[in-house]
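Residue numbers (the numbering used here): 14 to 316. We put the beta carbon where it would ideally sit given N, CA and C, even for glycine. Only a predicted model underlies this, so the values are computations on that prediction, with no experimental measurement involved. Have a look at the structure below before the remarks.
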Ligand code: RIB
């Protein structure tokens, strides 16, 4: 089976529930404070591994306690961490997360996540990447290094999945290096100028992203499920799996990990999206990013 390579962020999440968003100058008492392993890249890697894929992580952490804990947690989840660099000049990424009524607001300290260079990523990929492997990369690392990862992976014949989160415009010539772009509504508007609100606008946005050069498109719509446009141009509509919402942190990453694991297992895009919707539903019913990500067995039992 081909493997999944994730070039992405690793963060320690400091997360608290609040009755509402505090006003400027106001102090509110929160509840349910947790520190939990997170970072979009690491979450996507853990999701793909728990769903049965052979996963390698390319990332950086600081030479500090958070870095050690995050790297150990990834290894425990079955992710190969040989490509996780421990750097003494920077601190590990941290995400401060405010949870209110099932929604998150996140402030990120990028730290070591922006320390890997274009050359670091290119050389790692050339060393371990093989044709038909899947590269997954979200947008929390250095933008130039992320672009380089997509270009090198495309050149090596890997299937590339780009999750522009946080979103920022990319050079026109990067789009043909992206086999699948997976993004939410606001990211979609930033990347292609179309805000997907219903089937017609989802379709228009996905067509636009394919005109730019992406091979396939998946737009995640929260409680409204997901919309896909495969390489053959067939629209796909997957409803969200009903669940009790405890914490949405990492649910999108779980879905993306399922798209990657589904791809290496030979599932169609539609099958992977259904699998991802079920895995994400389990993830939102639990607290924390990585602690909430289910195994393939749990998703199977949930169906
Ligand atoms: O997508 C969720 C993740 O975003 C959190 O785990 C946090 O670390 C931020 O990167």
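Could you check if residue i belongs to the surroundings of the ligand RIB, using beta carbon to heavy atom distance under 8 angstroms?
{"i": "residue 306", "result": "no"}
{"i": "residue 155", "result": "no"}
{"i": "residue 136", "result": "no"}
{"i": "residue 104", "result": "no"}
{"i": "residue 203", "result": "no"}
{"i": "residue 56", "result": "yes"}
{"i": "residue 254", "result": "no"}
{"i": "residue 197", "result": "no"}
{"i": "residue 263", "result": "yes"}
{"i": "residue 18", "result": "no"}
{"i": "residue 29", "result": "no"}
{"i": "residue 245", "result": "no"}
{"i": "residue 260", "result": "no"}
{"i": "residue 119", "result": "yes"}
{"i": "residue 294", "result": "no"}
{"i": "residue 110", "result": "yes"}
Determine the direct distance from the alpha carbon of residue j to that of residue i, and round the result to whole angstroms.
{"i": "residue 146", "j": "residue 16", "result": "5 angstroms"}
{"i": "residue 122", "j": "residue 176", "result": "19 angstroms"}
{"i": "residue 178", "j": "residue 282", "result": "21 angstroms"}
{"i": "residue 116", "j": "residue 256", "result": "15 angstroms"}
{"i": "residue 285", "j": "residue 57", "result": "14 angstroms"}
{"i": "residue 298", "j": "residue 236", "result": "13 angstroms"}
{"i": "residue 110", "j": "residue 132", "result": "32 angstroms"}
{"i": "residue 194", "j": "residue 157", "result": "17 angstroms"}
{"i": "residue 216", "j": "residue 262", "result": "27 angstroms"}
{"i": "residue 350", "j": "residue 150", "result": "Outside the displayed span of the chain (14 to 316) sits residue 350, for which this structure offers no information."}
{"i": "residue 100", "j": "residue 181", "result": "27 angstroms"}
{"i": "residue 301", "j": "residue 293", "result": "13 angstroms"}
{"i": "residue 291", "j": "residue 92", "result": "22 angstroms"}
{"i": "residue 141", "j": "residue 130", "result": "17 angstroms"}
{"i": "residue 82", "j": "residue 89", "result": "10 angstroms"}
{"i": "residue 218", "j": "residue 41", "result": "39 angstroms"}
{"i": "residue 227", "j": "residue 44", "result": "42 angstroms"}
{"i": "residue 72", "j": "residue 160", "result": "15 angstroms"}
{"i": "residue 35", "j": "residue 118", "result": "12 angstroms"}
{"i": "residue 249", "j": "residue 231", "result": "9 angstroms"}
{"i": "residue 221", "j": "residue 38", "result": "43 angstroms"}
{"i": "residue 246", "j": "residue 197", "result": "19 angstroms"}
{"i": "residue 310", "j": "residue 114", "result": "29 angstroms"}
{"i": "residue 253", "j": "residue 264", "result": "11 angstroms"}
{"i": "residue 199", "j": "residue 214", "result": "13 angstroms"}
{"i": "residue 312", "j": "residue 63", "result": "10 angstroms"}
{"i": "residue 209", "j": "residue 223", "result": "15 angstroms"}
{"i": "residue 77", "j": "residue 273", "result": "30 angstroms"}
Rounded to the nearest angstrom, how far is the Cβ of residue i from that of residue j, given a contact under 8 angstroms?
{"i": "residue 23", "j": "residue 106", "result": "6 angstroms"}
{"i": "residue 52", "j": "residue 153", "result": "7 angstroms"}
{"i": "residue 251", "j": "residue 238", "result": "5 angstroms"}
{"i": "residue 268", "j": "residue 308", "result": "Actually they do not touch by this definition, with Cβ atoms about 15 angstroms apart."}
{"i": "residue 74", "j": "residue 31", "result": "So it is not a contact: roughly 28 angstroms between Cβ atoms."}
{"i": "residue 29", "j": "residue 112", "result": "7 angstroms"}
{"i": "residue 163", "j": "residue 190", "result": "5 angstroms"}
Between the beta-carbon of residue i and the beta-carbon of residue j, is there less than 9 angstroms?
{"i": "residue 185", "j": "residue 173", "result": "no"}
{"i": "residue 70", "j": "residue 80", "result": "no"}
{"i": "residue 229", "j": "residue 243", "result": "yes"}
{"i": "residue 87", "j": "residue 50", "result": "yes"}
{"i": "residue 171", "j": "residue 144", "result": "yes"}
{"i": "residue 277", "j": "residue 26", "result": "no"}
{"i": "residue 120", "j": "residue 128", "result": "no"}
{"i": "residue 95", "j": "residue 20", "result": "no"}
{"i": "residue 148", "j": "residue 47", "result": "no"}
{"i": "residue 139", "j": "residue 165", "result": "yes"}
{"i": "residue 288", "j": "residue 279", "result": "no"}
{"i": "residue 266", "j": "residue 240", "result": "no"}
{"i": "residue 305", "j": "residue 296", "result": "yes"}
Tell me the DSSP secondary structure of residue i in three-state form.
{"i": "residue 245", "result": "coil"}
{"i": "residue 136", "result": "helix"}
{"i": "residue 145", "result": "coil"}
{"i": "residue 42", "result": "coil"}
{"i": "residue 155", "result": "coil"}
{"i": "residue 48", "result": "strand"}
{"i": "residue 203", "result": "helix"}
{"i": "residue 97", "result": "strand"}
{"i": "residue 77", "result": "coil"}
{"i": "residue 194", "result": "strand"}
{"i": "residue 227", "result": "coil"}
{"i": "residue 17", "result": "strand"}
Is any non-hydrogen atom of the ligand SAM found closer than 8 angstroms to the C-beta of residue i, if you look at the structure I gave you?
{"i": "residue 83", "result": "With respect to the ligand SAM, the structure shown offers nothing to examine, as its ligands consist of the ligand RIB."}
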